[in-house]
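The next block holds one structure in the form of structure tokens; read it before the comments.
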Amino acid sequence: MPLGVKIPEKEVRRYMGLRGPVDISPDTDAMIKKAINALEKDCSPKHVSRAFPVTVEGNEVRFADVVIESRSLARNLAGCTQCVLFAATAGPFCDMLVKRASVTSSAYASCCQAAGAAAIEAYCDLINDKIKDEYEAKGLFARPRFSPGYGDLPLENQKDWFRLLDITRNTGIELTGSLLMVPTKSVTAIIGLSPDRLPCVRQGCESCTMSAACTFSRKE
Ligand code: SF4
Numbered sequence: 025m026p027l028g029v030k031i032p033e034k035e036v037r038r039y040m041g042l043r044g045p046v047d048i049s050p051d052t053d054a055m056i057k058k059a060i061n062a063l064e065k066d067c068s069p070k071h072v073s074r075a076f077p078v079t080v081e082g083n084e085v086r087f088a089d090v091v092i093e094s095r096s097l098a099r100n101l102a103g104c105t106q107c108v109l110f111a112a113t114a115g116p117f118c119d120m121l122v123k124r125a126s127v128t129s130s131a132y133a134s135c136c137q138a139a140g141a142a143a144i145e146a147y148c149d150l151i152n153d154k155i156k157d158e159y160e161a162k163g164l165f166a167r168p169r170f171s172p173g174y175g176d177l178p179l180e181n182q183k184d185w186f187r188l189l190d191i192t193r194n195t196g197i198e199l200t201g202s203l204l205m206v207p208t209k210s211v212t213a214i215i216g217l218s219p220d221r222l223p224c225v226r227q228g229c230e231s232c233t234m235s236a237a238c239t240f241s242r243k244e
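Note that our numbering has the sequence shown beginning at 25, numbered continuously upward.
Below you can see the structure in the form of structure tokens.
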């Protein structure tokens, strides 16, 4: 499987706005499965990551030569000594598939779009787990990943990710003038690493039962 990970059908349905036990037609079910199979088979994912020491003072986060003023990121990285920046893409196939499908079937194009979103999320989870395990063995514990554009961390900061990770050369992802990534199924993120073990969940603070009480929750 070139994607290297299964695309959860439940997540595809969620991206299509089909939450809970919703009955879908056999046709829609078949289109979802077809989109998943195509993406699992023909995606060509890539990623790049790099670790940096990080400091947090008040709302100011510093790593490499970057200084970021963000209350939500500072809160999420408080107590971290290292961070890992990463970028990942599912590759150009998904955009091609959606474009091709939209000529003949907008319903199938929607399934492909949703399956692509679930594909890059599943691929990021895979990388996230590898980073988590690698650093846990060194006594550093991962906080949930945090992407530019989330909370008060501007999308503009993606430029720092592109520069520090040489993303375009390493993965083929390009950043447009309006800060969109091409291929569209691409993600940039930072993962904080702290010597303090928290009961973090990979799905993020929004899904964590500790969220209301946790000082480090990005969900304020
Ligand atoms: S709310 Fe949960 S996931 Fe978020 S930082 Fe706290 S323990 Fe970790």
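Backbone N, C-alpha and C fix where the C-beta goes; we use that ideal spot for every residue, glycine too.
With contacts defined as CB atoms closer than 8 Å, residue 184 and residue 90 qualify as a contacting pair. When C-alpha distances from residue 35 are compared across 94, 133, 128, 138, the shortest belongs to 138. Taken in chain order, the unbroken stretches of alpha helix (DSSP H) that lie wholly in the region 32 to 82 and span 4 residues or more are 33 to 39, 50 to 66.
Cβ atoms of residue 74 and residue 217 stay farther apart than 8 Å, at about 13 Å.
Relative to the ligand SF4, residue 225 has its C-beta within less than 7 Å of a heavy atom. For residue 128, the three-state secondary structure derived from DSSP is helix.
For the pair of segments examined, the region 123 to 134 was found not to touch the region 194 to 211: the number of CB pairs separated by less than 8 Å stays below three. No Cβ-Cβ contact shorter than 8 Å links residue 107 with residue 168. For residue 224, the three-state secondary structure derived from DSSP is coil.
Put simply, the region 152 to 166 does not touch the region 230 to 240. Fewer than three CB pairs are less than 8 Å apart. Taking the Cβ atoms as the reference, residue 32 lies roughly 16 Å from residue 65, outside the contact range of under 8 Å.
The beta carbon of residue 148 sits no closer than 7 Å to any heavy atom of the ligand SF4.
Bounds of the alpha helix (DSSP H) holding residue 98 are 95 to 101. When only Cα atoms are considered, residue 210 and residue 115 end up about 8 Å apart. Annotation for residue 95: 83, 176 place their beta carbon closer than 6 Å to its own, counting only its chain and skipping 5 residues before and after. In the structure shown, the three-state DSSP call for residue 231 is helix. Contact annotation: residue 143 and residue 222 have beta-carbon atoms that are not nearer than 8 Å. Setting aside the 5 residues that flank it on each side, residue 141 is surrounded in the same chain by 39, each with a C-beta closer than 6 Å to its C-beta; the list follows chain order. About 14 Å separates the Cβ atoms of residue 208 and residue 111, ruling out a contact at the 8 Å cut-off.
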